[in-house]
Amino acid sequence: MTTIPPEPDGGDRSTELAALVGRKVVLDTAGPLIYLGTLERVTREGFWLERADIRDRNEGHDTKEEYICAAQKLGIRENRRRIFVFANVVVSLSALDDVIGT
Numbered sequence: 001m002t003t004i005p006p007e008p009d010g011g012d013r014s015t016e017l018a019a020l021v022g023r024k025v026v027l028d029t030a031g032p033l034i035y036l037g038t039l040e041r042v043t044r045e046g047f048w049l050e051r052a053d054i055r056d057r058n059e060g061h062d063t064k065e066e067y068i069c070a071a072q073k074l075g076i077r078e079n080r081r082r083i084f085v086f087a088n089v090v091v092s093l094s095a096l097d098d099v100i101g102t
């Protein structure tokens, strides 16, 4: 079951987020971590991802965008079966296939 909290102003984002459940997504944070995986569930507290990859932008030579584009072309490099990402650390969420590669 997908539980999606209402917007503080009373609006409803549930339709948009529910449409991403089951799809491969990118969760970007203000810090060095990005998360890629299949969105399993959305709760008030955060996001459950399956077959996920946690990537520290400080490691490796690829930029964040290069890494995401590679994941889009070659597949997500899974290093977690399942992971919970707290909503308060996520600054953006997008479907992996919505990323425009270079």
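Residues 1 to 102 (my numbering) are what the sequence shown spells out, left to right. Just so it is clear, CB atoms sit at the ideal spot from N, CA and C, and this is done for glycine as well. Just so we're clear, the structure is a prediction, and the values are computed from it rather than from any experiment.
- Counting along the chain, GLU45 sits inside no beta strand (DSSP E), nor does DSSP assign it H or E at all.
- Looking at the DSSP output, TYR35 bridges to LEU27, ILE54.
- Bounds of the beta strand (DSSP E) holding ILE83 are 80 to 86.
- By a beta-carbon distance limit of 8 Å, LEU27 contacts VAL85. Their separation comes to about 5 Å.
- Sequence-distant Cβ neighbours of GLY46 in its own chain, meaning closer than 7 Å and more than five residues away, are PHE84, VAL85, PHE86, ALA87.
- Counted as a single uninterrupted DSSP element, the stretch harbouring ALA19 is not any beta strand (DSSP E), since DSSP gives it neither H nor E.
- With fewer than 16 other Cβ atoms inside 10 Å of its own Cβ, ALA18 counts as exposed.
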